[in-house]
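Peer 1: This is the structure I want to talk about, given as structure tokens.
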Amino acid sequence: MESNAKRGRVYLQSHKSGKKWKPVWLTLFPQSSSGIGRLEIQDVGGGGSGADGSPGLRRHHHPHTDKKIKVVRLSELLSVVRLPPNAEACPKENMSAFCVETQDRALVFAALKDDCLAWVEALCHSTFQQGFQQGSGQLCMEENQIYASADEVSEFLVEVQKSDAATRCDLQGAYWLQVGQEALLLKDTQKKSVLREWPYEMLRRYGKDKGALTIEAGRRCESGPGSFIFETPQAEKIFYLIQATIKQK
Numbered sequence: 001m002e003s004n005a006k007r008g009r010v011y012l013q014s015h016k017s018g019k020k021w022k023p024v025w026l027t028l029f030p031q032s033s034s035g036i037g038r039l040e041i042q043d044v045g046g047g048g049s050g051a052d053g054s055p056g057l058r059r060h061h062h063p064h065t066d067k068k069i070k071v072v073r074l075s076e077l078l079s080v081v082r083l084p085p086n087a088e089a090c091p092k093e094n095m096s097a098f099c100v101e102t103q104d105r106a107l108v109f110a111a112l113k114d115d116c117l118a119w120v121e122a123l124c125h126s127t128f129q130q131g132f133q134q135g136s137g138q139l140c141m142e143e144n145q146i147y148a149s150a151d152e153v154s155e156f157l158v159e160v161q162k163s164d165a166a167t168r169c170d171l172q173g174a175y176w177l178q179v180g181q182e183a184l185l186l187k188d189t190q191k192k193s194v195l196r197e198w199p200y201e202m203l204r205r206y207g208k209d210k211g212a213l214t215i216e217a218g219r220r221c222e223s224g225p226g227s228f229i230f231e232t233p234q235a236e237k238i239f240y241l242i243q244a245t246i247k248q249k
């Protein structure tokens, strides 16, 4: 195994078995001279009963075992988020879930709470930060603008925090936040129907800190004026994506 790889036993949610959980070995290989950045998923103690030919997943044979391994290239990942506490019923107590999204599907994993946070941080660092860091450690905006191409639709799972504006709009809990070409869209987590829309030209300001994105809506917004706070580990990525999208208009 490559020296900088991260490996651990987690649970994967199977959509073919009524969202049941199955234990898997998860291994993260950052991009290196030894190979491409990738995420490998291997069943624990079982064969290929979970075979899935969905795009974005490739099957390889590990050189030291006969068990098949699903491989997801880090270059294919659109987002990695730690899910809110009530978003998924985890298989065991003291566990949290996180979602790894590609263009074709979303993979939901569960791990012990501390391990869950470690997986999200490691995946975000290997996928979204290594490619954007320069010698100074600053994010490169020229690279970030790639994420705002006209053909791309980016959605992130967020949790709306309590504020006067959120209370007035009856918003609480988990939602999908989409960075559209003309506006930010807040969507229901089940049917993904649009619940709120904030056109960029009607935003007074927007900002981010380590774990949350904040927008201040103007009076002309359908939601009315006020601040909306979205908790997400992807706050920085969403911020730069909004910034790049507005610059391209």
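Position 247 (the sequence shown) corresponds to 247 in full-length UniProt numbering; numbering is contiguous.
Backbone N, C-alpha and C fix where the C-beta goes; we use that ideal spot for every residue, glycine too.
Reducing DSSP to helix, strand and coil, say where K70 ends up.
Peer 2: strand
Peer 1: Comparing alpha-carbon positions, which option in S96, D43, L74 lies nearest I36?
Peer 2: L74
Peer 1: What is the C-beta distance between D115 and G211, in whole angstroms, given that I count them as a contact (C-beta under 8 Å)?
Peer 2: Contact doesn't hold; Cβ gap of about 18 Å is too wide.
Peer 1: Ignoring anything shorter than 3 residues, give me the beta strand (DSSP E) runs that lie fully in the region 79-118, in order along the chain.
Peer 2: Correct list: 95-102, 106-112.
Peer 1: Could you check where the beta strand (DSSP E) with T245 kicks off and where it finishes?
Peer 2: Annotation: T245 is outside any beta strand (DSSP E); the continuous alpha helix (DSSP H) that includes it extends over 235-248.
Peer 1: Taking the alpha helix (DSSP H) that R220 belongs to, which residues open and close that run?
Peer 2: No alpha helix (DSSP H) contains R220, which DSSP labels as neither H nor E.
Peer 1: Name the residue from Q181, A244, L123 whose alpha carbon lies nearest to the alpha carbon of Q31.
Peer 2: L123
Peer 1: Check whether the region 202-219 and the region 185-194 touch, using three or more Cβ-Cβ pairs below 8 Å as the test.
Peer 2: no
Peer 1: Which residues mark the beginning and the end of the beta strand (DSSP E) in which T27 is found?
Peer 2: 20-29
Peer 1: Can you give the Cα-Cα distance for F128 and A244, rounded to whole angstroms?
Peer 2: 16 Å
Peer 1: Let's test the definition: count the other Cβ atoms within 10 Å of the Cβ of V160 and tell me whether it reaches 16, buried, or not, exposed.
Peer 2: V160 should be labelled buried.
Peer 1: Measure the beta-carbon distance from Y11 to W21 and round it to whole angstroms, keeping in mind my assumption that it falls under 8 Å.
Peer 2: 4 Å
Peer 1: Assuming T232 and F156 make a contact with CB atoms under 8 Å, what is their CB distance in whole Å?
Peer 2: 6 Å
Peer 1: Please check the pair A97 and A110, which I expect to be a contact at CB under 8 Å, by giving their CB distance rounded to whole angstroms.
Peer 2: A110 and A97 do touch by the CB rule: their CB atoms are close to 5 Å apart, below 8 Å.
Peer 1: DSSP three-state call for L171: helix, strand or coil?
Peer 2: coil
Peer 1: Here's a check: name, in chain order, each residue in its chain whose Cβ is nearer than 8 Å to the Cβ of K187, leaving out the five neighbours to either side.
Peer 2: E155, Y175, W176, L177, Q178, S193, V194, L195
Peer 1: Keeping to the same chain, check which residues put their C-beta closer than 7 Å to that of K113; ignore five residues upstream and five downstream.
Peer 2: N94, M95, S96
Peer 1: Mark E182 as exposed unless 16 or more other C-beta atoms lie within 10 angstroms of its C-beta, in which case mark it buried.
Peer 2: exposed
Peer 1: For F156, report the span of its beta strand (DSSP E) as first-last.
Peer 2: It spans 154-160 - the beta strand (DSSP E) in which F156 sits, taken as one unbroken run.
Peer 1: So the candidates are A235, Q234, K68, E197; which of them puts its Cα closest to the Cα of P225?
Peer 2: E197
Peer 1: Give the straight-line distance between the Cα atoms of E236 and Q42, rounded to the nearest whole angstrom.
Peer 2: The alpha-carbon atoms of E236 and Q42 are separated by roughly 31 Å.
Peer 1: Shortest alpha-carbon distance to V81 belongs to which of K247, R219, Q234, L241?
Peer 2: Taking only the C-alpha atoms, the option nearest V81 is Q234.
Peer 1: What is the rounded straight-line gap between the Cα of G218 and the Cα of L184?
Peer 2: 13 Å
Peer 1: Excluding the 5 residues flanking P91 on each side, which residues of the same chain have their C-beta closer than 8 Å to its C-beta?
Peer 2: Y11, W21, A110
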